[in-house]
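Visitor:
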Amino acid sequence: MKNISQNWYRILGALCIFLLILMVYRREARMRTTLDSMEARLTALEAYIQGSNARKTEQQPQVMEVMANAPARKDVRKVERNRNNVEKTKRSEENAIGPKNTPETTAEAESETGKFRQAARLELNTIDSATLVRVPGIGGGTARAILQYRERLGGYFSAEQIREKVKWEGAQKHLDDWCENWFWADEQLIQKIQINKLTFKELLQHPYLNYEDVKAIVRWRDRHGAVRGVEDLRQLGLADSTKLASLLHYVEF
Numbered sequence: 005m006k007n008i009s010q011n012w013y014r015i016l017g018a019l020c021i022f023l024l025i026l027m028v029y030r031r032e033a034r035m036r037t038t039l040d041s042m043e044a045r046l047t048a049l050e051a052y053i054q055g056s057n058a059r060k061t062e063q064q065p066q067v068m069e070v071m072a073n074a075p076a077r078k079d080v081r082k083v084e085r086n087r088n089n090v091e092k093t094k095r096s097e098e099n100a101i102g103p104k105n106t107p108e109t110t111a112e113a114e115s116e117t118g119k120f121r122q123a124a125r126l127e128l129n130t131i132d133s134a135t136l137v138r139v140p141g142i143g144g145g146t147a148r149a150i151l152q153y154r155e156r157l158g159g160y161f162s163a164e165q166i167r168e169k170v171k172w173e174g175a176q177k178h179l180d181d182w183c184e185n186w187f188w189a190d191e192q193l194i195q196k197i198q199i200n201k202l203t204f205k206e207l208l209q210h211p212y213l214n215y216e217d218v219k220a221i222v223r224w225r226d227r228h229g230a231v232r233g234v235e236d237l238r239q240l241g242l243a244d245s246t247k248l249a250s251l252l253h254y255v256e257f
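Numbering (this note's numbering), first residue to last: 5 to 257.
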């Protein structure tokens, strides 16, 4: 029993020594971590202080340069103000005297609003929106309507065709002037429609063919193979149509 008790005492003593060593080691580890953290913070603070000093050193020459160039910049602004004043005075004198008499071409003479001053013959199948809106009386909406109708038709064969699309009151008073003095159409630029090849839907998109016309054309093609000419169109019921003469400018048999 005495030997057993001694063994237990030895074990307990060894365990206490082990725990004491472990506590000392953990305490040293915590202290080492704290010291490392403090050292890192000190290093970062030192780097920040050095960076601030470097920036101040770099900024000082820039500040001196700005201060040195300040009078020169003031002189430049003064010169610009004087130039602007001279230009304003020159414009005022020109406005008081009136526009100079210089040779003008019909298509290039413009008013202050960007409109043509004199009538210019403009081809409807090649004109663009930017040119259309320079014609007196034509705004953005009217220009879009004219170009969209041209797209649906495949091109204009006569300036009178714009009357078919432009029907609102604001434009009515200008139509005679546009058709007689401003616009003309080159029929050679028209895109023809293949009346015997296009589908029902494709034929129906043309402004000169309504639903009944297209149905009659398709039925004729089913029965006779093809529409061969004007006489066939008349037999289809288009003889009394006011659009037949216009349609003949667009169809190819």
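Yeah, the Cβ is synthetic: ideal placement off N, Cα and C, and Gly gets one too.
Beta carbon of Lys119, beta carbon of Arg148: below 9 angstroms?
Guide: Contact flag unset, no.
Visitor: Would you grab the beta carbon distance between Tyr160 and Lys196 for me? Rounded to a whole angstrom, and I think it's under 8 angstroms.
Guide: Contact flag wrong, Cβ pair sits at about 14 angstroms.
Visitor: Check whether the Cβ atoms of Ile194 and Trp182 sit closer than 9 angstroms, and answer yes or no.
Guide: No, Cβ-Cβ distance for Ile194 and Trp182 is not below 9 angstroms.
Visitor: Could you work out which residue in Asp236, Ile221, Ile142, Leu16 is closest to Gly174 when comparing CA atoms only?
Guide: Closest option to Gly174, Cα to Cα, is Ile142.
Visitor: With distances taken between CB atoms, is the gap from Ile199 to Lys169 smaller than 9 angstroms?
Guide: Taking 9 angstroms as the Cβ cut-off, Ile199 and Lys169 do not qualify as a contacting pair.
Visitor: State the DSSP-derived secondary structure class of Val218, mapped to helix, strand or coil.
Guide: Here Val218 sits in helix by DSSP.
Visitor: DSSP three-state label for Leu237, please.
Guide: Three-state result, Leu237: helix.
Visitor: How many Å lie between Phe204 and Ala230 at the Cα?
Guide: Those two C-alpha atoms are separated by around 14 angstroms.
Visitor: Given that a residue counts as buried once 16 or more other Cβ atoms are within 10 Å of its Cβ, and exposed if not, what is Leu237?
Guide: Label assigned to Leu237: buried.
Visitor: Looking at Asp226 and Leu258, is the spacing between their C-beta atoms short of 9 angstroms?
Guide: The structure shown has nothing for residue 258, since the chain only spans 5 to 257.
Visitor: Thinking just about the alpha-carbon of each residue, which of Glu164, Leu202, Leu19 is nearest to the one in Trp186?
Guide: Measuring from the Cα of Trp186, the nearest candidate turns out to be Glu164.
Visitor: So the candidates are Gln122, Leu207, Asn11; which of them puts its Cα closest to the Cα of Leu251?
Guide: The residue with the shortest Cα to Cα distance from Leu251 is Leu207.
Visitor: Here's the rule I'm using: 16 or more other beta-carbon atoms within 10 Å means buried, otherwise exposed. How should Thr146 be labelled?
Guide: Buried: at least 16 other Cβ atoms inside 10 Å.
Visitor: For Gly233 and Arg121, what's the separation of their Cα atoms in angstroms?
Guide: For Gly233 and Arg121, the distance between alpha carbons rounds to 46 angstroms.
Visitor: Run through DSSP, which three-state label would Ile142 get?
Guide: It is coil, neither helix nor strand.
Visitor: With which residues is Ile131 paired in a DSSP beta bridge?
Guide: Ile131 is not bridged to any residue.
Visitor: Run the CB neighbour count on Arg223, radius 10 Å, all protein chains shown included, and call it buried at 16 or more, exposed below.
Guide: Exposed.
Visitor: Is it buried or exposed for Ala189, if we count other Cβ within 10 angstroms and need 16 for buried?
Guide: So Ala189 ends up on the buried side.
Visitor: Determine the burial state of Tyr29: buried for a count of at least 16 other Cβ atoms within 10 Å of its Cβ, exposed for fewer.
Guide: Classification for Tyr29: exposed.
Visitor: Do His210 and Leu157 come within 9 angstroms of each other at the CB atom, strictly closer than that value?
Guide: In contact: Leu157 and His210 (Cβ atoms closer than 9 angstroms).
Visitor: Here's a check: name, in chain order, each residue in its chain whose Cβ is nearer than 7 angstroms to the Cβ of Ser162, leaving out the five neighbours to either side.
Guide: Correct list, in chain order: Ala189.
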